[in-house]
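**Student:**
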């Protein structure tokens with residue numbers, strides 16, 4: 260698939276519906292007192308899902324200012340490539356980048 264600069268409203272609505280369904284399922288589980296491990300895995304999976312739904316976005320639309328799109332990419336890379344430990348790539352305009360925390 261080619262890189263995407265824009266997404267149809269239908270795609271955005273479908274993504275929103277999927278995230279909303281996952282959040283509703285989580286809220287039902289919260290009533291049953293899930294473990295912290297469950298919550299961490301659930302939230303990590305939601306971040307990965309959010310990134311996947313827009314995986315074909317062009318990197319140029321992310322900009323360079325630490326916006327939500329940049330942050331999702333950084334979180335996904337940290338989850339998948341750094342065992343969940345935050346690792347920020349060296350990015351222009353991010354004074355604390357290229358460090359881990």
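Numbering (my numbering), first residue to last: 260 to 360. Idealized CB from N, CA, C, for every residue including glycine.
1. Between 285, 326 and 291, which lies nearest to residue 304 when the distance is taken from Cα to Cα?
2. Using a Cβ-Cβ cutoff of less than 7 Å, which residues in the same chain neighbour residue 281 once the five nearest sequence positions on both sides are dropped?
3. By how many angstroms is the C-alpha of residue 293 removed from the C-alpha of residue 276?
4. Apply the 10 Å Cβ neighbour rule to residue 283 and answer buried if 16 or more other Cβ atoms are within range, or exposed otherwise.
5. So, is residue 265 buried or exposed, given that buried needs 16 or more other C-beta atoms within 10 angstroms?
6. Answer with buried or exposed for residue 337, where buried requires no fewer than 16 other C-beta atoms within 10 angstroms of its C-beta.
**Tutor:** To lay it out plainly:
1. Taking the chain shown and counting its residues from 1, one reaches residue 304 at position 45. If we check each option's Cα against that of residue 304, 285 comes out closest.
2. In the chain shown, residue 281 corresponds to position 22, counting from 1. Closer than 7 Å at the Cβ level, and outside the excluded window around residue 281, lie 305.
3. Here residue 276 refers to the residue found at position 17 of the chain shown. Here residue 293 refers to the residue found at position 34 of the chain shown. C-alpha separation (whole angstroms): 23 Å.
4. Within the chain shown, the letter at position 24 stands for residue 283. Exposed.
5. Here residue 265 refers to the residue found at position 6 of the chain shown. It counts as exposed.
6. In the chain shown, residue 337 corresponds to position 78, counting from 1. By the neighbour-count rule (16 or more Cβ atoms within 10 Å), residue 337 is buried.
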